[in-house]
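Here the protein sequences come in this chain order: A and B. For the numbering used here, add 146 to where a residue sits in the first sequence, where the first one is 1. For the numbering used here, add 146 to where a residue sits in the second sequence, where the first one is 1. Glycine residues also receive a C-beta, built at the ideal position from the N, C-alpha and C atoms. Data block below; observations after.
2 protein chains.
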Amino acid sequence: MENENKKILLVEDDPNFGSILKDYLILNDFDVTLAKNGMEGFEKFKKDTFDLCILDVMMPYKDGYTLAKEIREKNKEVPIIFLTAKSMKDDVLKGYKVGADDYLNKPFDSEVLLMKIKAIIQRKSSEVKADATKFEFIIGNFHLNSKLRFLTYKDTEPIKLSPKENELLKMLAVYENDLMPRELALTKIWRDDNYFTSRSMDVYIAKLRKYLKMDDEVEILNIHGEGFRLVVKNKPPAPAAE
Amino acid sequence: MENENKKILLVEDDPNFGSILKDYLILNDFDVTLAKNGMEGFEKFKKDTFDLCILDVMMPYKDGYTLAKEIREKNKEVPIIFLTAKSMKDDVLKGYKVGADDYLNKPFDSEVLLMKIKAIIQRKSSEVKADATKFEFIIGNFHLNSKLRFLTYKDTEPIKLSPKENELLKMLAVYENDLMPRELALTKIWRDDNYFTSRSMDVYIAKLRKYLKMDDEVEILNIHGEGFRLVVKNKPPAPAAE
DNA sequence: TAACATATTAACCAAACATTAACAACAAAA
DNA sequence: TTTTGTTGTTAATGTTTGGTTAATATGTTA
């Protein structure tokens, strides 16, 4: 089973909910460690290596955010999912700033959680390339250097990219041929997800489309309500993911 | 209490342990039938319908595995939990092969058992859609990618699906060749089950039928008053997968 | 054959997206 | 210190998409 040996650190103070969720994840072939508060969570985090952390936000002794911050200090990569109470919408933002990969309102659909876990783990595993170290991308006949922020088409003069253009195109490239969720780009690049940042992002998509127009094998497609997809046609067979 | 009317078949040869466990489960609002060996267990199994079976592995006359196999022949769905002696780790595998949902080493923590029971029963009740996290489906000559929301017929241009079209087709695919209850789709996808959402769903069924028309091996049938059924004729010999 | 369930097409409205342009903030250059 | 340029946000406007409801069949069951 594909989830096997993926280690999850689950930090949840409600013992009932915690162990049920744990069982559910175990049934789905994850290797789960349960901690019942932030203190214990951090202890367990230090003692092992996890592929994913699921943190309840409201906990005694040490809340989810604080724990997340500590975890981040130790490890900048490990994906974090927050579980928050339905009401507190603001918390979401606060969570993202700490570098959460996702959040879920309680009560939530267990399937949704599974989906998010899968998506995150899959992404992380293919994101090695996205890791700050990588800054060169081949996009069809383009070459993107995201460190020097320019985009070159074949042998023509490089196009200078603004910081936002650059980050957005880079993120699209990381998700090449796959869905780049709108929400993700907004929270990661714009650091806020609201009506206006969303309009702003549309503007940048339009700018990028203009640049990419010269190569008709490259295209940015919209998936209504979900996000965008950078498609590159005639791409070699693809490494047959998984 | 939520456990009420959940029927458990408990097969355990040790009369002391058996009746204590039985009482414990009854205290937790389960409806428990106790059998003291595999023979008796199978007799009782045939006479009633259970939501869960808890089988001791080592028993005279008919051991737990043999019983489990017989039960599986009669019923492929009912969850089975094995109780095994602490030592025999190998048994675990053997148990899973019979289709056990879980196992517990004796002696075990009664609360752990309760938790497992809960988790299993909950899972079973929502497992039909077990693969809801999957997002690629083969439907006859079609290929559905429910993450990117498109449907491809052979090598033709992909058809873009709207969120509702996509979710509905996905649910049909999960229930392939089986009944997809109308009510389920309405509550899951439309989040409401009333006259209007029901009409709306009909509209979507019509849309999907139009898409699927190009392959005459694929068809959405209605089961009057019950729901719909996505039938795929001449299903290929099965990709041997799994 | 009434009552009800399903089928199909079309009309409509709201939300999401696309694109260009105006503008504000700020920095670099003259 | 003006001037010029770059960057990003907001506005204005138009287009597309998605979902519900309506209108009008046809089927199914008791």
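Query	Result
Neighbourhood of A/Asp324 by C-beta, 8 Å cutoff - its chain only, sequence neighbours within 5 removed	Arg375
Endpoints, alpha helix (DSSP H) assigned at A/Pro161	161-173
Test item: CB-CB of B/Lys193 and B/Gly164 under 8 Å	no
Beta-carbon gap between A/Ile266 and A/Lys152 smaller than 8 Å	no
N- and C-terminal bounds of the alpha helix (DSSP H) containing A/Gly187	184-193
Proximal residues of chain A, C-beta to C-beta of B/Ala265 below 7 Å	Ile166, Asp169, Tyr170, Leu173
Three-pair Cβ contact test at 8 Å for the region 311-327 of chain B versus the region 350-357 of chain B	yes
Any non-hydrogen atom of the ligand GTP within 7 Å of B/Thr230 CB	The model on display carries no ligand, and the ligand GTP is accordingly not part of it.
Nearest-angstrom Cα separation, counted from A/Val378 out to A/Ile366	9 Å
Pair within 8 Å by beta-carbon distance, A/Phe281 and A/Lys293	yes
Closer than 9 Å at the beta carbon, the chain B residues around A/Arg375	Leu294
Helix, strand or coil at A/Lys379 according to DSSP, with G and I counted as helix	coil
Segment limits, alpha helix (DSSP H) that includes A/Leu358	341-358
Under the three-state DSSP convention, the category B/Met204 falls into	coil
Exposure of B/Gly371, with buried meaning 16 or more beta-carbon neighbours within 10 Å	exposed
Reference A/Asp197; option with closest CA among A/Lys356, A/Ile227, A/Lys300, A/Thr212	A/Ile227
Interface positions of the region 354-372 of chain A facing chain B (Cβ-Cβ less than 7 Å), listed along the chain	Ile369, Gly371
Coil, strand or helix - A/Asn287 by DSSP	coil
A/Thr179 - containing beta strand (DSSP E), residue span	177-181
With 16 other Cβ atoms within 10 Å as the buried cut-off, status of B/Leu173	exposed
B/Tyr211, DSSP secondary structure in three states	helix
Cα-Cα separation, A/Asn251 to A/Leu297	40 Å
Continuous alpha helix (DSSP H) assignments of at least 4 residues falling wholly in the region 306-339 of chain B	309-320, 328-331
Under 7 Å from the C-beta of A/Leu325: neighbouring residues of chain B	Lys293, Leu294
Helix, strand or coil at A/Lys153 according to DSSP, with G and I counted as helix	strand
A/Glu365 - partner residues in DSSP beta bridges	A/Val377
Chain A within 8 Å of B/Met104, Cβ atoms only	Nothing about residue 104 of chain B can be read from this structure; chain B reaches only from 147 to 388.
C-alpha distance - A/Asp202 paired with A/Val157, whole-angstrom precision	6 Å
Given A/Pro309 as reference, the closest of A/Asn291, A/Tyr299, A/Phe283 once Cα atoms are compared	A/Asn291
Chain-ordered neighbours of B/Pro304 on chain A, where CB pairs are closer than 8 Å	Those within 8 Å of B/Pro304 in chain A number zero; the least Cβ separation is about 11 Å.
Simplified DSSP assignment, three categories, for A/Leu433	This structure does not reach residue 433 of chain A, given that chain A is present from 147 up to 388, and the question cannot be answered.
For A/Glu303, three-class secondary structure by DSSP	coil
Three-way DSSP call (helix, strand, coil) for A/Glu158 in this model	coil
Alpha-carbon spacing of A/Thr179 relative to B/Ile263, whole angstroms	20 Å
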